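Every position in the sequence shown, counted from 1, becomes a number in the working numbering once 1332 is added.
By construction, the Cβ of each residue, glycine as well, lies at the ideal position given by its N, Cα and C atoms.
These numbers were taken from a predicted model, which means no experiment stands behind them.
Worksheet for the structure shown next.
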Amino acid sequence: AAELARLAVVGAAQRGAVAASVGTKLRRPGATTRDLYLAELRARSSSLRIAHQCDHENDMYVVTRDGALVQINAGADADRNAGDAWFPSQRWTLLGGARVVSVSAGARFLSAVTDAAHVFSMGCNEWGQLGLGWSDHDMVQAFASVQSFARIETLSDIVSVACGYDYAIAVAQDGSSYCWGCASDFPRQCEGAITTRPGGHRCVETPTRWDTGGIRIVAACAGDNANILITASGKLLGCGRNRHGELGVGDDMHRDDFVQLGGDQLRGECIVKASTSYGCHTLAMTATGTCYGFGSNERGQLGKTDRFDRLSPELIPIPNVTDIYAIDIASYVVRNGKELHCMHLDFESDDDGDPIQYPPSMADGLIGGICGGVDALSYLTSPKESSSEFLYEWVPGDDRPPRGGPLE
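What follows is the structure, encoded as structure tokens:
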């Protein structure tokens, strides 16, 4: 307990905005070390306010301060000048005027969590990734896209949703977790909930609860069919695809059931955030601000120049890490809440130099998380001298500074 307290306090001290909310939690009468740790995990898992469509880098989705969800088409604004305002191309109002608190995106679909702990989804439903269910009578309609947000009525008390390529995972306040969508790499326990659609597509139509053996789950991340959960004790559970070692279990064998990830390398660590990519690598951040990577390193995503996969976690040489994000060809790491690092090697280059790039610092501090598309990164800042929030986009390898401006 003493060691957990030390780790949590150190981690909170290193993380600006989260430290404030966690400190408030700690000062609450009767608050325990576990309260502190869970508060930090909750803040990290539910505060992501930016999402990119994983197969379309031009579409960004941002949760505004007033709880609205807006779409911004960055590609259509390629010639914008630094400081120009971002103007949403679309704004959604959810049923009953619900306020959105976080958003996640997969391939052609979105999921949003509201302040009432409800989940809304929109977009392609070919694999059941909207969690809305269907019947034989509306099979044709189910293949079509849903153009407005619909609530998943079978879910409640949800704190966060993580969208994979064509499936999603939700975590509830009581520590339970749920899945729906493409079932190609769901755990074996889901077999009874799987239906087979025309063409042989195996899907879970509506949210199905995962059995984690009584272990409380506080956050989840989803990628290319690798399913990773963070437990209330700061450990990682995972199952599914592992062809490059993205589960970090020491081999590249598929896992049909949940197993603890990380082996000896993560045994004494308390994980507060994890991010797994569609390119088959995973990042894990600890309460003390260290970061580990495992899985594919084909483009230097793990900060190594040899391009060899890592089947077990290895320490990434960046201290005081405060945020992480993994995309298919790169890894983004934030240090001290301001310094942005990108790990990526040019796939066509014969020069295996330092894979870590250093774009301009986020001098105003990071809020709302970082999120990457196919080949770009987005993040929000809140300048002290401005009443507006500023949205920035940066492309790895681009000599130009991040394109940024106020979000109108």
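For the options Val1653, Pro1715, Ile1659 and Val1451, the alpha carbon positioned closest to that of Asn1668 is the one of Val1653. Judged by pairs of C-beta atoms under 8 Å, the stretch 1523-1538 does not touch the stretch 1584-1603, as fewer than three such pairs exist. Annotated as proximal: Ala1606 and Ile1560, with beta-carbon spacing under 8 Å.
The closest CA to that of Gly1627, considering only Thr1620, Gly1621, Ala1616 and Leu1643, is found on Leu1643.
For the pair Ala1515 and Ile1501, the CB atoms are not nearer than the 8 Å cut-off.
For Cys1623, the secondary structure class from DSSP, reduced to helix, strand or coil, is strand. For Arg1423, the secondary structure class from DSSP, reduced to helix, strand or coil, is strand.
Here the alpha carbons of Ala1551 and Gly1566 stand approximately 10 Å from one another. For Leu1568 against Gln1597, the beta-carbon gap comes to about 11 Å, at or over 8 Å, which does not count as contact.
When rounded, the separation of the alpha-carbon atoms in Ser1508 and Thr1538 is 16 Å.
Distance from the CA of Val1604 to the CA of Arg1732, rounded to the nearest whole angstrom, comes to 33 Å. The C-beta distance from Ile1650 to Cys1623 rounds to 6 Å, short enough to fall under 8 Å. In the three-state scheme derived from DSSP, where H, G and I count as helix and E and B as strand, Arg1431 is classed as coil. In the structure shown, the three-state DSSP call for Asp1596 is helix. Residue state for Cys1511 is assigned as strand, using DSSP reduced to three classes.
Take the alpha-carbon of Gly1632 and the one of Glu1485: they are about 42 Å apart. A direct Cα-to-Cα measurement between Gln1403 and Pro1645 gives close to 36 Å.
In this structure, DSSP gives Gly1736 an extended state, which the three-state scheme calls strand. Distances from the alpha-carbon of Thr1425 to those of Leu1579, Phe1452 and Phe1640 put Phe1452 closest. Taken through DSSP and simplified to helix, strand or coil, Arg1520 comes out as helix. Taking every protein chain shown into account, the CB of Arg1735 has 16 or more other CB atoms within 10 angstroms, so this residue is buried.
DSSP places Ala1449 outside both helix and strand once states are collapsed to three, so it counts as coil. Counting every other CB atom within 10 Å of its CB across the protein chains shown gives Gln1461 a total of 16 or more, marking it as buried.
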